[in-house]
Every structure is written in structure tokens, then in C-alpha cells.
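These protein sequences, in sequence, are chains C and P. Taken in order, the first sequence gives residues 15 to 338; the numbers are from our numbering. Taken in order, the second sequence gives residues 280 to 698; the numbers are from our numbering. All remarks here apply to the structure that follows.
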Amino acid sequence: MSEEIQMWTEKYRPRRLEDIVDHEEIVNRLEGFVAQKDLPHCLFAGPPGTGKSTAALCLAHDLFGEHFQGNFLELNASDARGIDVIRTTVKDFARTMSLGDIPFKILVLDEADALTPEAQQALRRTMERYTRTCRFILIVNYSSKIIEPIQSRCALFRFPRLNKEDIIGMLKFISEKEGVKLEDDGIEAILYVSEGDMRKAINTLQAASALGESVNADAVYKVTGKARPEEVRQMMELALSGDFIKAREKLHELLVNYGLSGVDVVRQVHRETFNMEIPEPWKLRIANIVGEIDFRMSEGANEEIQLSALLAQFGLVGQGKEKA
Amino acid sequence: MGLPWTEKYKPLRLSDVVGNEKAVTQLFSFLKSWRRDTTKKAVLLYGPPGNGKTVSVYAAARELEAEVIEVNASDKRNLEMIQRTVGSASTMSTLFPVKGKVLLIDEIDGLSGTEDRGGVGAIISVIRDSEYPVVLTANNPWDPKFSSLRQYCQMISFNKIRTPTIHKVLRRICEREGIRAQEAALEAIAKNADGDLRAAINDLQALSRNRTTLTVEDVELYPRDKIKSVFDVLAKMFREREAQAIVREVSSTDVDYEMLMHWISENIPQHMSDPEELGRAYDMISRADVFLGRIKNRQHWGLLSYVFELMSAGVSLSRTVSKTHYVKYQFPSWIRSMSKTRATRSKLSTIGMKIGRKCHVSSSGGVEYYLPYLEVIFQADPKRAAKIAKWFEFEDELIEKIAGDKRTYNKIVKELRKE
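Given below as C-alpha cells:
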């Protein structure tokens with residue numbers, strides 16, 4: 015344990031609720047649970063890098079103290095998908111007694127929106143059955159992907175994107191601790207590329223600081239030039255310009271070389287759409303197409319076929335001719 | 280017509296087995312010297328199909344006067360099943376006079392999915408408890424699901440059979456069957472089989488059905504080449520204008536329909552260049568895929584005809600402006616890049632998993648949220664890269680993947696050794 019933590023997102027991750035910047039209201043409510051030593055099942059929803067997992071970890075640390083280990087389990091639904099995991103791992107953890115004076119354990123299920131509706135049904139029964147000994151915190155990007163019966167059993171917390179001021183504060187704090195010279199235009203650039211995503215902001219800072227003496231706008235853009243959204247954007251631009259074949263090559267690159275899943279690609283395409291410099295009405299047509307393909311992908315057999323169809327539809331938007 | 284020739288001419292003695300001499304010797308000495316306390320109690324014979332793995336086991340057992348107890352991959356093998364058939368043989372030794380037995384678990388590649396859950400685990404426990412040597416065969420033993428199993432096995436590689444060797448076997452069979460065959464015809468069959476002796480013998484038997492002579496022309500007429508039939512189907516499908524005829528054409532092929540869907544998807548842009556056509560055609564194939572998904576998820580096989588209709592006629596009739604022309608069809612680039620990059624992808628997912636363990640994200644999250652930044656750091660600062668690599672417990676091959684090039688990798692490794 016004496017080994018120094020190497021990633022700054024981990025090194026500077028808040029350990030206790032009081033350390034969390036921003037989300038004042040959420041933190042207040044969670045602190046209330048700690049004071050009462052009780053907790054409902056919770057649903058944390060919000061975009062990546064807004065502190066959902068951190069809040070869950072802090073809550074558990076504050077609640078369990080020295081008994082954190084053994085009372086807390088973090089599972090990632092997109093790694094351990096399926097009904098079987100719910101039936102075994104989750105059940106085994108949920109049904110055994112907790113240690114210490116808190117009469118329940120906490121199970122965090124990250125990326126719970128990756129669970130199929132069937133798996134969610136199984137989860138719902140487990141949640142109900144073991145409520146006395148285990149409380150669940152489900153973490154999702156979109157609460158709508160969670161089936162109604164689970165939503166209604168959970169206290170919903172919406173995590174908005176972080177405020178500029180709080181990100182700036184964190185960047186400055188880390189830079190001071192790590193001896194990084196952070197320029198003003200570097201801060202601006204990080205704010206711009208990270209879009210309220212703290213993890214992205216900190217990772218960008220760390221990578222940019224490896225490039226040279228000081229972190230300025232140049233260094234930041236050099237870092238983000240390597241990050242995936244550029245590739246996604248290139249793919250979208252090619253497809254919109256009608257070059258389907260090149261766009262499809264890019265798609266394969268993203269899926270294969272970068273190991274993105276089809277869902278990742280759709281999510282990033284969706285995210286990029288509103289940042290692109292294209293006519294405003296196009297953005298909504300694209301959103302409509304992306305939504306349809308997102309849905310078909312969940313029903314279909316092969317993601318590559320669905321994503322190809324997505325790119326073909328983009329060609330129509332680029333011409334202003336797609337069907338309504 | 281009697282016995283299949285692959286059975287009729289099956290080698291009974293070890294010396295009759297052709298090809299893979301070294302592997303066969305290894306197998307024989309494994310079986311002969313096997314003892315209950317051997318460290319590797321099982322042997323895993325691996326290699327492409329039809330090169331003599333199973334046949335060698337039977338021949339070797341025969342030489343040792345041992346009985347082969349076989350569980351085939353096509354059986355339904357769950358834990359219970361394997362223990363009942365193989366397990367009982369391995370523990371009931373005392374009831375019978377101790378005559379040798381060999382447990383053969385053939386074609387373990389098939390072990391997968393929920394039905395066989397625990398199958399690999401069951402095999403391991405059979406190996407552990409067994410009173411007799413266990414022989415496994417597989418086409419691809421490097422599948423991650425076998426990683427624990429491999430530790431219990433001595434690995435023996437069986438290669439493809441060389442074409443001249445296959446040729447020789449075919450000639451011998453022709454002599455015995457009284458078939459006058461042109462050497463060139465036999466050579467063509469041998470070559471076409473691509474190292475698969477069983478396939479070559481089957482082809483020979485099919486081709487020489489009711490004949491006493493075999494010529495090159497006979498062989499060339501024989502349509503073993505599946506690629507060619509895909510080309511034909513595609514050409515007809517895209518040219519034809521009548522829905523029913525298109526569907527009939529496409530469903531008559533013996534190409535697996537998922538593969539066919541990829542072939543079609545790959546080649547749509549070659550026939551259609553207008554964005555509206557492309558949009559319509561891909562919408563059709565996307566709908567076909569949705570039906571395929573429903574079939575797979577819910578076993579609604581009745582939906583299969585919609586898949587065929589949408590992906591064939593639906594796609595083809597989306598062409599309204601582009602003219603027909605000769606097209607040189609491309610192999611699905613998606614399938615090609617998937618198979619070419621299997622190793623890369625498995626490295627990526629390991630990287631993602633290791634990141635996930637430390638940084639509270641899924642393995643795909645690790646790849647998405649962290650890897651691009653790690654790549655920047657690895658390129659720019661080997662010292663920090665080394666520390667990070669150590670913290671994440673990245674193995675050398677993972678470091679090399681993140682570093683991107685050999686030079687950067689070497690620098691980082693040098694830093695690592697210093698620590």
C-alpha cells in the first residue's frame with residue numbers, strides 16, 4: 015500500500031463526502047444518510063466524470079469507517095453483465111450479514127444501464143429480498159435505461175456537469191502539489207475540452223504535464239489531438255460529406271484498434287453531434303438517427319451492420335435529404 | 280456404398296499414421312510412461328482439423344492394448360455428463376482387471392456458452408482424479424477459456440498434412456479401390472484440401488462415386504469452392520429485379536447467413552453510389568439484423584425468412600438510379616480486420632481491465648477514459664511511464680502496445696529495470 019498512486023484521478027479522488035467539491039445539495043443529502051446511519055437504495059445518474067462513483071465511495075467510507083472492507087462491493091455491470099452475475103455474486107454479497115454497527119452493506123453497481131431488462135428484473139427481486147442486509151447504489155449515465163420498478167424503489171440523484179470554478183480549483187490544487195506550471199490559457203483549454211468532466215480534466219492535465227515544462231493551450235490540444243473524439247468526429251464528417259467507404263474504414267479503426275464497443279461509438283457520436291460546426295437542424299436529424307440505431311443495436315445481432323447503417327443515413331443528412 | 284473411406288482406411292497401427300511423426304512419438308511416450316503422479320496428467324493435441332489427432336490416439340492406445348473411452352464434443356457436455364461418462368471410467372478401476380484405459384475428450388473447442396457452463400472446470404477435475412491418462416483435442420487451444428486447463432496439459436502440436444503426403448495416401452486408396460486416377464487429379468484434390476487429410480479422402484470418395492477413372496476435368500467440376508458461390512449469389516442478387524427471385528437465389532446458397540449478411544453489407548457501395556440508395560439499402564440490412572437479433576435472443580426461428588427477404592431483395596431493390604455493372608466483390612473487411620486484430624483486441628481489453636481495477640471504471644471505460652492519456656505520457660516521459668506501468672502492473676507486451684513503437688518501449692523498459 016505504500017506504493018505511490020500514479021494516476022492523479024485516483025491520487026486526488028476525494029475520500030470523504032466533505033472533500034467533494036460541487037454538488038452541494040447531493041452531498042448534503044448523503045451526509046444526512048450518514049448521520050442517520052440509514053440509506054435507501056440509490057440511483058446516481060449523470061454524464062461521465064461528474065463524481066458518481068466517488069460519491070458512492072465517500073458515502074461508504076463515511077458510513078463504515080474501519081469496516082469499509084467487507085461491507086462494500088463495487089461491480090461493473092458492463093464487465094460482469096448478465097443475469098448470472100446478479101444471481102450469484104450479487105446475491106452472495108447481499109444476503110450475508112454486515113460487519114460493525116451498520117446493519118447493512120452497500121453494493122455499487124456501476125454502469126447499470128448496461129444490464130439487459132431481464133437482468134434488471136432479476137436485480138429488482140434481489141434488491142427487494144435483501145433490503146434489510148444490503149443497500150444498492152446503481153450508477154448510470156441515463157436513468158431512463160433503468161426499468162421503472164427499479165427506479166421507483168430508488169432515491170434518484172442527478173449529477174450535473176461540474177462547474178468551471180470547481181474544475182479550475184481542482185486543477186490548480188493538483189498543479190501545486192505536483193509542481194506543474196499551469197498557464198492561464200492551459201486552464202481555458204482544459205475547461206474547453208473537458209466539458210464539465212472532472213476525470214477528463216485531470217487526465218488531460220496529467221498527460222499535458224508530461225509533454226514539457228508548463229501546461230499551456232498548445233500542450234492541451236496536443237493531448238486531445240490524440241484522444242478518440244477526434245477520430246469519431248472525422249468519421250462523422252466523412253459520412254456527412256458522402257464518403258461512405260472512408261467513413262466505414264474509420265469506423266472499423268475505432269472498433270478494432272481502439273477497442274470501442276458499438277455502444278461506445280454511438281455514445282461518442284451523440285456527444286460530438288452538438289459540438290460540430292454544422293447547420294443546427296442537422297444536429298437534431300442526427301440525434302434522431304443515432305437514437306434509432308442505438309435502439310436497433312440493442313435489439314439486433316451485429317453492431318457493425320447497425321453502425322454502417324448509421325453512416326449511410328448520415329450521407330442523407332449531409333445532402334439534406336433524409337427521411338423525416 | 281459401404282463404409283466411408285475415412286473409416287475404411289483408418290490407420291490401425293501407429294506406424295500407419297501419416298505426417299506429424301514427432302507429435303505422434305510424443306503422444307505415444309506420454310501414454311506409455313503415464314503414471315498417477317505425473318505432473319502433467321493430461322495431454323492436449325491441437326491443430327487444424329483432419330490432420331490425425333484423434334486417429335493417433337486410437338492407434339497409440341491399440342499398441343498399448345488400452346481401451347479408449349471417448350466423449351465427443353457433439354455430445355451435450357455439462358459437468359454431470361462428463362463426470363458420468365469419463366469420471367466413472369476413471370474411478371471404477373478396481374472393479375475390473377487393471378487393463379489400460381485412455382480417456383479421450385475430443386474437440387473441446389465446442390465447450391462454450393451457458394449449456395456447457397462448468398465444462399472446463401469439470402474436465403480439470405476429471406484430469407485431477409483420473410486413474411488413467413486423459414487426452415484432449417482442440418483446434419484452437421489458445422482461447423482464453425482454456426487458460427486454466429492448459430496448465431494441466433502437456434501440449435502437443437499437430438500440423439497440417441503436407442500436400443505430397445496427402446497425394447500419396449489418395450493414390451494408395453485408389454489402388455485398393457481399383458480406380459484409375461490421373462496424378463494431376465489427385466494432386467488437385469490434395470492441394471484443395473489444404474492440409475486436411477480427412478477432407479481430401481472424403482472428396483476423393485465423393486468424386487469417384489460409381490467410377491473407375493478419375494480425371495482432372497472431373498475434379499474441376501466439383502464445387503468445393505465456397506467463395507465462388509458467394510460471388511455468384513451476390514452478382515445475381517444485385518442484378519435481379521424481382522423480389523421473389525432474389526430471395527430464392529440468396530436462400531439457395533450454403534453460405535452461413537450471418538456471413539452472407541457481411542458480404543452483402545461490404546459490397547453495397549460497389550453497386551450503389553447515390554446517398555439515397557445507400558441510405559435505403561443499409562436501412563434494410565439494419566432491419567434484417569434486428570430480426571436476426573430477435574431470433575438469437577428469443578429463438579424465434581420463424582423470423583428467419585424476414586432476415587433473408589430484407590437483406591437480399593430489400594437491399595437489391597434499393598438500387599433505383601445506379602446502373603448495373605461488373606463488380607469485383609470484396610471479402611468483408613470487417614471480418615478480415617476482426618481476425619487480423621484478435622491479439623490486439625485482447626491486449627486492449629487486458630489493459631482496460633487493469634486500469635478498471637485501480638480507477639473504478641469498466642474495462643471499456645479504462646480504454647476510453649484513460650488509455651489515450653497514457654499513450655501521450657508513455658510517448659513523452661519514459662520515467663513516468665515506467666512508474667505508471669508498474670502501478671497498473673502492466674506486463675511487457677501491454678507496455679509495448681501502449682508505447683506504440685519499439686524505441687519508446689525500450690526506453691520505458693530501461694527505466695523499469697532501474698527501479
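By construction, the Cβ of each residue, glycine as well, lies at the ideal position given by its N, Cα and C atoms.
{"Item": "Gly-353 (chain C): contacting residues in chain P (beta-carbon distance under 7 Å)", "Value": "Chain C is shown only over 15 to 338; residue 353 (chain C) falls outside these bounds and no answer can be derived."}
{"Item": "Contact set for Ser-157 (chain C): own chain, Cβ-Cβ below 8 Å, skip 5 residues either direction", "Value": "Leu-57, Ala-59, Gln-165, Leu-170, Arg-172"}
{"Item": "Close-in-space but distant-in-sequence residues of the same chain around Lys-66 (chain C) (CB under 7 Å, 5 per side omitted)", "Value": "Phe-58, Gly-60, Ile-153, Phe-173"}
{"Item": "Cβ shell of Cys-432 (chain P) (< 7 Å), same chain only, five flanking positions each side left out", "Value": "Lys-319, Ala-321, Val-322, Leu-323, Leu-415"}
{"Item": "Arg-213 (chain C): contacting residues in chain P (beta-carbon distance under 7 Å)", "Value": "Tyr-648"}
{"Item": "Per DSSP, cross-strand counterpart(s) of Asp-124 (chain C)", "Value": "C:Asn-90"}
{"Item": "Listed by chain order, chain C residues near Arg-518 (chain P) by CB distance under 7 Å", "Value": "Under the 7 Å cutoff, chain C gives no residues; its nearest Cβ is about 21 Å from Arg-518 (chain P)."}
{"Item": "Short CB-CB distance (under 8 Å) between Leu-87 (chain C) and chain P", "Value": "no"}
{"Item": "Spatial neighbours of Asp-553 (chain P) in its chain, beta-carbon cut-off 7 Å, leaving aside the 5 residues before and after", "Value": "Val-600, Ser-601"}
{"Item": "CA-to-CA distance, Arg-149 (chain C) to Met-141 (chain C), given in whole angstroms", "Value": "8 Å"}
{"Item": "Coil, strand or helix - Leu-152 (chain C) by DSSP", "Value": "strand"}
{"Item": "DSSP beta-bridge partners of Ser-436 (chain P)", "Value": "P:Tyr-325"}
{"Item": "Contact check, Asn-85 (chain C) vs Lys-119 (chain C), beta carbons under 8 Å", "Value": "yes"}
{"Item": "Coarse secondary structure for Ala-472 (chain P), derived from DSSP in three states", "Value": "helix"}
{"Item": "Meets three-Cβ-pair contact criterion under 8 Å: the region 325 to 337 of chain P and the region 439 to 446 of chain P", "Value": "yes"}
{"Item": "Any chain P beta carbon closer than 8 Å to Arg-4 (chain C)", "Value": "Residue 4 (chain C) lies beyond the range of chain C shown here (15 to 338); nothing can be said about it."}
{"Item": "Near the ligand FMN: Thr-416 (chain P) beta-carbon under 7 Å from a heavy atom", "Value": "The ligand FMN is not among the ligands present in this structure, which contains no ligands whatsoever."}
{"Item": "Closer than 7 Å at the beta carbon, the chain P residues around Leu-232 (chain C)", "Value": "Note on residue identity: the sequence assigns Asp, not Leu, to residue 232 (chain C). Result: empty, since nearest Cβ-Cβ is about 13 Å, beyond 7 Å."}
{"Item": "Cβ contact (3+ pairs, closer than 8 Å) linking the region 31 to 41 of chain C and the region 687 to 697 of chain P", "Value": "no"}
{"Item": "Backbone secondary structure at Lys-575 (chain P) - three-state DSSP", "Value": "helix"}
{"Item": "Helix, strand or coil at Lys-507 (chain P) [DSSP, three-state]", "Value": "With a pLDDT of only 49 at Lys-507 (chain P), under 50, the local geometry of the prediction cannot be trusted, and the value read off the model is given with reservation. In this structure, Lys-507 (chain P) counts as helix in the three-state DSSP scheme."}
{"Item": "Ser-531 (chain P), DSSP secondary structure in three states", "Value": "coil"}
{"Item": "DSSP state of Thr-492 (chain P) mapped onto helix, strand, coil", "Value": "strand"}
{"Item": "Residue-chain proximity (His-55 (chain C), chain P), Cβ-Cβ < 8 Å", "Value": "no"}
{"Item": "Within chain C, the residues that Trp-613 (chain P) reaches when beta carbons sit closer than 7 Å", "Value": "His-266, Glu-318"}
{"Item": "Cross-chain neighbours of Gln-220 (chain C) in chain P, by beta carbon under 8 Å", "Value": "Tyr-652, Ile-656"}
{"Item": "Segment contact flag, the region 624 to 638 of chain P with the region 570 to 587 of chain P, C-beta cutoff 8 Å, min 3 pairs", "Value": "no"}
{"Item": "C-beta contact flag for Asp-497 (chain P) and Leu-486 (chain P) at 8 Å", "Value": "yes"}
{"Item": "CB of Val-509 (chain P) within 8 Å of CB of Val-534 (chain P), strictly", "Value": "yes"}
{"Item": "Leu-627 (chain P) versus Glu-672 (chain P): straight-line alpha-carbon distance, rounded", "Value": "14 Å"}
{"Item": "Integer Cβ distance of His-3 (chain C) from Leu-113 (chain C), believed to fall under 8 Å", "Value": "Outside the shown range of chain C, which is 15 to 338, sits residue 3 (chain C), and nothing can be said about it."}
{"Item": "Same chain, Cβ closer than 6 Å to Val-413 (chain P), neighbours up to 5 away in sequence not counted", "Value": "Ala-321, Leu-382, Ile-406"}
{"Item": "Stretch pair the region 294 to 309 of chain C + the region 218 to 235 of chain C: three plus CB contacts closer than 8 Å", "Value": "no"}
{"Item": "Rounded straight-line distance, which links the Cα of Ile-100 (chain C) to that of Ala-133 (chain C)", "Value": "7 Å"}
{"Item": "Extent of the continuous beta strand (DSSP E) run through Ile-348 (chain P)", "Value": "346 to 350"}
{"Item": "Within 8 Å, strictly: CB atoms of Leu-269 (chain C) and Glu-318 (chain C)", "Value": "yes"}
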